[in-house]
Structure formats: structure tokens, C-alpha cells
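In what follows, a single structure is set out as C-alpha cells and then discussed.
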Amino acid sequence: MKTGVRRIVKSGDAPPAIGPYSQAVMMNGFAFTSGQIPIDKDSGRIVDGGILEQTEKALDNLSAVLTQSGTSLKNAVIVNIYLKSLSDFGIVNECYARRVDTDNPPARVTVEVSGLPKDALIEISAIAPTLPFAGNKK
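Numbering-wise, the working numbering puts 895 at position 52 of the sequence shown, and it's gapless, one number per residue.
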């Protein structure tokens, strides 16, 4: 991808955006994702279960968008996590650790919020390079 060219990313393996925004935008060798909530792409509804199931689904959706962008969560330089309750922090960390390069983890922000779209318990976004670099992982 050329520097300075902005490209919209649409993954059929993740639910479509629920508002006037893109799943991700690629520019200058990076993918900037929108927040992914635990929506099942076929039903359009939040997955059943608690924070464990919702975290896994949000990570699945995020991974699908990053894959469509030509990168992966293992390449992320920063991940932002929004939780309805910080008491879920430990469970989220366990799920998250299975998906990222724990030897070389991305920077991360975790914030408790008063509410999320569709009453989700979690929302996750990331920025990841799309161009080859030393250590790039698919």
C-alpha cells in the first residue's frame, strides 16, 4: 500500500459496523481498527454468556478485521480495551494473553466505561502495522 493512500477495510468474517464508521482504515502502513464488540456476524446480536464469551468473540472480530487488513493481533503496537466493569480485568487478561505475543506484547490501555453499544461488556480496538517489519507475525 502506498504511503498517504487511505483505504477502507471491510471484513466479511466480522460483523459490519453498526454506525457510520469503518471496521478499519489503512494508511501509511498501519491498520487502525474501530472498536469491536462481541456481536455474532450472522445474528447481529451480542453473543450469549458472560465476559469470557464476550471477550473471545470481540477478539475473534478484531482478528478478522486485522487479517483482512493484512496483519494480525500479534503485530499490534497498541490495543485499547473498554470494559463495563474493571472486575472483569483478570478474565480479559487470560483471554487476551492467548491471542497476543506475550514475549513482545503491544502497549495497552484498559478503561472502565459506563456503557457500550448494544449493552456489551467489552469493546476492543487496535493499531497494527500492515507493512513487513522485523518480527512480523501472521
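Idealized CB from N, CA, C, for every residue including glycine.
For ILE965 and GLY872, the gap between their C-alpha atoms comes out near 27 Å. In its chain, beyond the 5 residues on either side, VAL890 have a beta carbon closer than 6 Å to the beta carbon of ASP883. By the Cβ rule, the segment 851 to 867 counts as touching the segment 904 to 921, because three or more pairs are nearer than 8 Å.
Looking at the DSSP output, TYR925 sits in a beta bridge with VAL954, GLU966. By the Cβ criterion, the segment 929 to 942 is not in contact with the segment 968 to 976, since fewer than three pairs of Cβ atoms, one from each stretch, lie closer than 8 Å. A straight line joining the alpha-carbon of SER877 with that of SER968 spans about 6 Å.
Counting along the chain, the unbroken beta strand (DSSP E) around ALA867 starts and ends at 867 to 870. Excluding five sequence positions before and after ALA950, the CB atoms of its chain that fall closer than 7 Å to its own CB belong to VAL920, ILE921, given in chain order. With contacts defined as CB atoms closer than 9 Å, GLY847 and ALA874 fail to qualify as a contacting pair. PHE873 carries a strand assignment under DSSP once its states are collapsed to helix, strand and coil. Counting only the Cα atoms, VAL935 lies some 11 Å from TYR925. Following the DSSP letters along the chain, one finds VAL852 inside the beta strand (DSSP E) bounded by residues 850 to 852.
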